[in-house]
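Residue numbers (the working numbering): 8 to 310. For glycine and all other residues, C-beta sits at the position ideal for the given N, C-alpha and C. Quantities reported herein were computed from a predicted structural model and do not represent experimental measurements.
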Amino acid sequence: MLQVKDVSFGYTKTKVLKAITFNVEAGKNLAIIGESGSGKSTLLKLIYGEHDLKQGEIFWKDEQILGPEYNLVIGYEFMKYVTQEFDLMPYTSVEENIGKYLSRFYPEEKQKRTHELIAVVELEAFAKTKVKNLSGGQKQRVAIARALAKAPEVLLLDEPFSHIDNFQKQGLRRNVFNYLKSNNIACIVATHDKHDVLGFADEMIVLNHSKIIAKDTPQNLYNNPQTPLIASFFDEFNVIENHGIVYAHQIKIVEHSDLKAVVKTSYFNGNSWLIEAEYNSESIFIAHRVNVQKNEQIFFDLV
Ligand code: ADP
Ligand code: MG
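Next up, the structure:
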């Protein structure tokens, strides 16, 4: 189990993280979400041992994670970290980048393992390509495969699919997260993309103003978002008097009700339209299966 115990940290006098405490069991997937600058990357760096802790402790099993003050070489064998920069070797091939840390004394084993990982990140066609000739998204995939090469027990992923286009994103997410589950690798993913979380994370924590403001399963946080910040991570929402936070899809346009609004704008959203209407001189957002014309009067109900 990974244990983060009462960790506070700042690069300067200002604290970026305050009293952070949580655990991750072997093989579990934990998502860390929060706005840009909320400290997600800093938290991953601390878990990796990139900075010395003045307050709090981090353990993997019985081993305490220590920073550069105690470790000449940053990091531990059992843990890999895919940063937002993914520093690869540009002048060598995809294959060589991934196989770099695998023993060359077992060439067959090494090749088999390299190809298995290339398949996980769907880069078969680029195995022999030099990394410098790859797109940002392809480089990101090489970085993920390389981190998996030596079978870590813990994998830290910082916005792992941010450079990958939508055509391939969802399939790749399933590949990578299923691979981690079936190999019992604990995974901590920092992200601001709900698609990295829903369907994959066992638990998620929300960082805001240096603190953990929520920690629960994605299902529970989605169904019962305690703050607008949490709701905004998942979907369009409204704050309605006496009802609190209501997602756009939880409002229905009906024939008649006491709640009346006037349509201002609408946005095509795939399987629905997002209707922006004026209600009590404020905007309200409603997900509706068809478009509604501007200035039309509508009635709505909460479901
Ligand atoms: P996130 O990953 O959630 O966007 P970061 O952990 O990168 O957030 O940053 C958290 C805060 O720490 C930000 O205010 C950022 O400016 C600051 N910060 C990050 N890295 C450094 C650094 N090396 N030196 C000083 N301040 C930093
Ligand atoms: Mg970051």
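Rounded to whole angstroms, the Cβ separation of S15 and L9 is 18 Å, and the two are not in contact under 8 Å. Ranked by how close their Cα comes to the Cα of E303, the residues E262, I247, Y254 and L309 have E262 in first place.
Every residue whose beta carbon comes nearer than 5 Å to a heavy atom of ligand 1 appears here in chain order: Y18, V23, S43, G44, S45, G46, K47, S48 and T49.
In this model, P225 and G41 are separated by some 14 Å (Cα to Cα). For the region 233–268, the full-length alpha helix (DSSP H) segments reaching 4 residues or more read 235–241 along the chain. In the three-state DSSP reduction, A38 falls in the strand class (E or B). Annotation for V128: R148, V149, I151, A152, L179, N182 and V183 place their beta carbon closer than 8 Å to its own, counting only its chain and skipping 5 residues before and after.
One alpha carbon belongs to E248, the other to P97, and they sit about 56 Å apart.
The criterion of a C-beta distance shorter than 7 Å is not satisfied by Y55 and Y18. Here G82 is exposed. Its C-beta has fewer than 16 other C-beta atoms within 10 Å. Residue range V161 to D165 is occupied by the beta strand (DSSP E) that includes V161, with no alpha helix (DSSP H) assigned at that position.
A distance below 8 Å between beta-carbons, with the five flanking residues on each side excluded, links Q91 to the following residues of its chain, in chain order: S48, D165, E166 and S169. A residue is called buried when at least 16 other Cβ atoms come within 10 angstroms of its Cβ; T272 does not meet this threshold and is exposed. A distance below 6 Å between beta-carbons, with the five flanking residues on each side excluded, links L51 to the following residues of its chain, in chain order: L163, D165 and A197. Listed in chain order, the non-local C-beta contacts of K188 below 7 Å within the same chain comprise G34, local neighbours out to five positions each way being set aside. The straight-line gap separating the alpha-carbon atoms of S43 and H58 is approximately 20 Å. In the DSSP assignment, Y55 falls outside any beta strand (DSSP E) and within the unbroken alpha helix (DSSP H) covering K47 to Y55. Annotation: Y229 is outside any beta strand (DSSP E); the continuous alpha helix (DSSP H) that includes it extends over P225 to N230.
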